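Asker: Residue 83 is where the sequence shown starts when you use our numbering, and the numbers rise one by one after that.
The beta carbon of each residue, even a glycine, is placed where N, CA and C say it ideally should be.
This structure is a prediction, so every number in the text was calculated from the model and none was measured.
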Amino acid sequence: MNLYEFAPIRALISVANSVVTTLTDLLEPIAAGSAAALAIVVFTLLVRAVLIPVGVSQARAERTRRRIAPKLAELQKRYKKQPEVLQRKMIELYREEKSSPFAGFGPVLLQMPVLLAVYGLFITPTIGGEPNHLLENELLGNPLGTSLISAIGAGTTSPLTWLLYAVIIVVIVAAAQTSRRLLMPPPVPAAAERAPGVPDLSGLTRILGFLPFLTAVFATFVPLAAALYLMVTTTWTLVERVVLRRLLNPPAPAAATGEVQPNAG
Numbered sequence: 083m084n085l086y087e088f089a090p091i092r093a094l095i096s097v098a099n100s101v102v103t104t105l106t107d108l109l110e111p112i113a114a115g116s117a118a119a120l121a122i123v124v125f126t127l128l129v130r131a132v133l134i135p136v137g138v139s140q141a142r143a144e145r146t147r148r149r150i151a152p153k154l155a156e157l158q159k160r161y162k163k164q165p166e167v168l169q170r171k172m173i174e175l176y177r178e179e180k181s182s183p184f185a186g187f188g189p190v191l192l193q194m195p196v197l198l199a200v201y202g203l204f205i206t207p208t209i210g211g212e213p214n215h216l217l218e219n220e221l222l223g224n225p226l227g228t229s230l231i232s233a234i235g236a237g238t239t240s241p242l243t244w245l246l247y248a249v250i251i252v253v254i255v256a257a258a259q260t261s262r263r264l265l266m267p268p269p270v271p272a273a274a275e276r277a278p279g280v281p282d283l284s285g286l287t288r289i290l291g292f293l294p295f296l297t298a299v300f301a302t303f304v305p306l307a308a309a310l311y312l313m314v315t316t317t318w319t320l321v322e323r324v325v326l327r328r329l330l331n332p333p334a335p336a337a338a339t340g341e342v343q344p345n346a347g
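And the structure:
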């Protein structure tokens, strides 16, 4: 079954196509033959702007996890030989914090149909049985409907093709590396015995940390339109998380961090 032919997703793709087509028409006077590619960038930014509340939810959940990490570590140390008590204490802690181990995951799941439809617009050759005319446009002589791997196989690459994909891949990798270095949450120390029923998300966190790097590889296999989308959305994710972290996690006062203030005298 083609997921993009599922009625609700197909309807969202049609709406997205109408918006991108309108943006292309509006941008054509200033972008000429690159209007469709620029429309993809603008549309991606608009969609991500609409989904900012999801980013806020994730940032708040991350802030909560960071705040209660020392408390969780203390509970795990104190009750490591009493798994049932540990489980109960951890549940109580999450309840007091009005949070859960899965905080932030719900909104992410809710946004998936939208992102799936947006991505589908950039990779499906047909929409509702009609040709996807967006993919017939070009950027620097490269069809938006052709991937780098396909171009290599067909022998249609040019210096501009390599330059274009080099920029896309470098931007994605740079954003991924910066995100890993600055934004990966510190691991919660594991107890000798993890309480049954308490999810261990450390492995998932490590896997998710490497996904952006896989995105760079994936960008060479999908149509150029989708590669542009991946570049823009990866960069947006980094910038959004940095901004939200600064807004939601103001620097702690020096006294609170244990720093010794110099004597005025």
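Would I122 and A307 be called neighbours here (beta carbons separated by less than 7 Å)?
Answerer: Cβ atoms of I122 and A307: closer than 7 Å.
Asker: Closest by CA to Q259, which one among L320, V304, E220?
Answerer: Residue L320 is the option with its Cα nearest to Q259.
Asker: Taking the alpha-carbon of A248 as reference, which of V196, G227, Q164, T302 has the nearest alpha-carbon?
Answerer: Selected option, being the one with the closest Cα: T302.
Asker: So does the segment 94 to 107 actually touch the segment 197 to 211, counting three or more Cβ pairs closer than 8 Å?
Answerer: Cβ pair count under 8 Å is three or more, so yes.
Asker: Quick one: what does DSSP say L222 is sitting in, helix, strand or coil?
Answerer: Of the three classes helix, strand and coil, the one that applies to L222 here is coil, per DSSP.
Asker: I'd like the ranges of any alpha helix (DSSP H) spanning at least 4 consecutive residues and lying wholly in the segment 179 to 265.
Answerer: Here the runs fully enclosed are 187 to 203, 230 to 236, 241 to 265.
Asker: State the Cα-Cα distance for the pair A119 and R262, rounded to the nearest angstrom.
Answerer: One C-alpha to the other measures close to 29 Å.
Asker: For L109 and L128, what's the separation of their Cα atoms in angstroms?
Answerer: When rounded, the distance between both Cα atoms is 15 Å.
Asker: Does the beta-carbon distance from T126 to Y311 come in below 7 Å?
Answerer: Contact: yes.
Asker: Please classify A272: does DSSP put it in a helix, a strand, or coil?
Answerer: In this predicted model, A272 has a pLDDT of only 47, less than 50, meaning its place in the structure is not dependable; the value taken from the coordinates is given anyway. Looking at A272 - three-state DSSP - the assignment turns out to be coil, as it is neither helix nor strand.
Asker: I'd like to know whether the C-beta atoms of T316 and A257 end up nearer to each other than 7 Å.
Answerer: Yes, the pair counts as a contact, with Cβ atoms nearer than the cut-off.
Asker: Buried or exposed: P207, going by 16 or more other Cβ atoms within 10 Å of its Cβ?
Answerer: Under this definition P207 is an exposed residue.
Asker: What residue range does the alpha helix (DSSP H) around V311 cover?
Answerer: Before going further, note that residue 311 is Tyr rather than Val in the sequence given. Where Y311 is concerned, the enclosing alpha helix (DSSP H) stretches over 306 to 330.
Asker: What residue does the alpha helix (DSSP H) around G137 start on, and which one ends it?
Answerer: From DSSP, the alpha helix (DSSP H) with G137 extends over 134 to 160.
Asker: Using 8 Å for Cβ pairs, my map puts L217 next to G227. What's the rounded Cβ distance?
Answerer: Right, the Cβ-Cβ distance comes to about 3 Å (below 8 Å), so this counts as a contact.
Asker: In chain order, what residues of the same chain lie with their CB nearer than 7 Å to the CB of R130, ignoring the 5 residues before and after it?
Answerer: If we look at R130 and ignore the five residues flanking it on each side, its Cβ neighbours are T315, W318.
Asker: Would the beta-carbon of L264 fall within 7 Å of that of L242?
Answerer: No.
Asker: For a quick check, are the C-beta atoms of I254 and T297 less than 7 Å apart?
Answerer: The answer is yes: Cβ separation under 7 Å.
Asker: Have a look at N375 and Q193 and give me their C-alpha separation to the nearest angstrom.
Answerer: In the structure as shown, the chain starts at 83 and stops at 347, and residue 375 therefore has no counterpart that could be examined.
Asker: What residues in its chain sit with their C-beta under 6 Å from that of S181, if we drop five residues either side in the sequence?
Answerer: Excluding sequence neighbours, S181 sits near T146.
Asker: Spatial neighbours of A113 within its chain, please: C-beta separation below 7 Å, excluding the five flanking residues on both sides.
Answerer: Once the five neighbours on either side are set aside, the close Cβ partners of A113 are L120.
Asker: I'd like the span of the alpha helix (DSSP H) that includes A89, first residue to last.
Answerer: Its alpha helix (DSSP H) spans residues 89 to 113.
Asker: Would you mind giving the Cβ-Cβ distance between Q140 and V190, rounded to the nearest angstrom? I have them listed as a contact below 8 Å.
Answerer: Their Cβ separation, rounded to whole angstroms, is 7 Å, which keeps Q140 and V190 in contact under 8 Å.
Asker: Identify whether Q164 lies in helix, strand or coil by the three-state DSSP scheme.
Answerer: Coil, per DSSP.
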